[in-house]
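A short worksheet on the structure shown next.
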Amino acid sequence: MSLPREWTKKNKLTSNDEVQVVENPDGTLLVIPSPEAAPEQASTATVDIQKYPNFEHLKYVIETKYLSGFDIINIISKQPFTSEKYGYISEVAHQLLGFEITSKTPNQVTLQDVMSIQQTNIILLIRVLSRNVLELMEELINALRKKDLRVIDAILQARNNINRYYLRIVRQLRKGLQQSFLLVQMGVTVQDTIDMVTYVTALNDVAGNIEAMCRAMQRYPHSEEGQLKEVAETLQRIYELLQQATRSFLFKKEQDAIEVLTVIPKIIGDKRELEVKLNKQIPTPEGLLLQIVLDAGEKIVEAMRNIAQAALRRAL
5 MSLPREWTKK NKLTSNDEVQ VVENPDGTLL VIPSPEAAPE QASTATVDIQ KYPNFEHLKY
65 VIETKYLSGF DIINIISKQP FTSEKYGYIS EVAHQLLGFE ITSKTPNQVT LQDVMSIQQT
125 NIILLIRVLS RNVLELMEEL INALRKKDLR VIDAILQARN NINRYYLRIV RQLRKGLQQS
185 FLLVQMGVTV QDTIDMVTYV TALNDVAGNI EAMCRAMQRY PHSEEGQLKE VAETLQRIYE
245 LLQQATRSFL FKKEQDAIEV LTVIPKIIGD KRELEVKLNK QIPTPEGLLL QIVLDAGEKI
305 VEAMRNIAQA ALRRAL
């Protein structure tokens, strides 16, 4: 096979080097330098903190640079950083799995990726995320049944950890799309990447709705035992369907994916019937908690539709 001179020069290839040839879904061939020959230059982004006096806006910008695949993020300021700004940047860095503060001066803080993509098992990360989301929902159902607010803070902390895994997985898959040889090293295709991003995004949405339920439990008074039991039973059905949906994706179970898609309309219909019943029985504000929980539960079911569809694509 004859390769373009400029391409071989850019990738520092000689006639003695091997390349990988991968067939794309459309039948075209992808030629990838060997991992040893592939360029591994660290990409760098710079963020001027003075452009973002609102700390929340700064967080979004740093997070976006992280998701975009930059290996080094320099946060600069003409004015020396205050201890408050240092502290906030440290909090943001903690949310970026794999990143650490590697340098700190009065006018610059450097965040750097210390986790090797080549040595990170993307499938394992996705399985950890899946398990954590399932455990999160199980804890929420138990807390609701027992009217136990003591565990809510722990559930919310676990939700933050789920978001860290979600961001890391999306970052890693995006870098794979930017540098095709990374996809080969991770053992995934472009279609796998699309389905995986769909899957983990849906799981993160599930975790976000569990968080909404937790905050409602903290804010609003609980209803009678019997009414809580009915809502908890509905959530239990949703939880069991979520288990089946994640299993269908992780293990490419075609029948499980089809069953999830088939059951979704039934669960949504039953949930809405329960809402009508409870609205007639429960006055405000007691009814607000159950309404929020049921609405969040329906959003979880809708997220499962995306999971099951991605699973079915993988299985077929």
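Following our numbering, the numbering of the sequence shown begins with 5 at its first residue and continues without gaps. The C-beta atom is built at its ideal place from N, Cα and C for all residues, glycine as well.
Cβ-based burial, residue i [other Cβ within 10 Å; buried from 16]
| i | result |
| --- | --- |
| L153 | exposed |
| Q176 | buried |
| F85 | buried |
| L294 | buried |
| G180 | buried |
| G291 | buried |
| K151 | exposed |
| L33 | exposed |
| D274 | exposed |
| N208 | buried |
Distance CB(residue i)-CB(residue j) smaller than 8 Å
| i | j | result |
| --- | --- | --- |
| I66 | V51 | yes |
| V204 | Y170 | yes |
| A211 | V137 | yes |
| T250 | S134 | yes |
| R172 | G102 | yes |
| N146 | Q112 | no |
| L245 | V264 | yes |
| I272 | E237 | no |
| A162 | L140 | yes |
Start-to-end residues for the beta strand (DSSP E) that takes in residue i
| i | result |
| --- | --- |
| P37 | 33–37 |
| F253 | F253 -> not in any beta strand (DSSP E); alpha helix (DSSP H) instead, spanning 229–254. |
| T114 | 112–117 |
Distance cut-off 7 Å: residue i Cβ against heavy atoms of the ligand NAP
| i | result |
| --- | --- |
| K16 | Looking for the ligand NAP in the displayed structure turns up nothing, as the structure carries no ligands at all. |
Same chain, Cβ closer than 7 Å to residue i, neighbours up to 5 away in sequence not counted
| i | result |
| --- | --- |
| A314 | D199, T202, Y203, F253 |
| A216 | I296, A300 |
| A41 | Interpretation of A41 is limited by its pLDDT of 48, a score under 50 that renders its predicted location unreliable; no figure is taken from the coordinates. |
Limits of the unbroken alpha helix (DSSP H) element including residue i
| i | result |
| --- | --- |
| T106 | Element bounds for T106: not the alpha helix (DSSP H) but the beta strand (DSSP E), 103–109. |
| L140 | 126–150 |
| Q183 | Q183 -> no alpha helix (DSSP H), and no H or E assigned at all. |
| D75 | Unbroken run through D75: none, as it is neither H nor E. |
| D196 | 194–223 |
| Q259 | 258–285 |
For residue j and residue i, believed in contact at Cβ under 8 Å, the rounded distance
| i | j | result |
| --- | --- | --- |
| I268 | V305 | 6 Å |
| A319 | K257 | 6 Å |
| I121 | L186 | 6 Å |
| V192 | I126 | 7 Å |
Close-in-space but distant-in-sequence residues of the same chain around residue i (CB under 6 Å, 5 per side omitted)
| i | result |
| --- | --- |
| E60 | none |
| R178 | G73 |
| Q116 | I76, T106 |
Residues of its chain near residue i, where Cβ-Cβ distance is below 8 Å and the 5 sequence neighbours each way are ignored
| i | result |
| --- | --- |
| N164 | Q99 |
| Q54 | S81, K82, Q83 |
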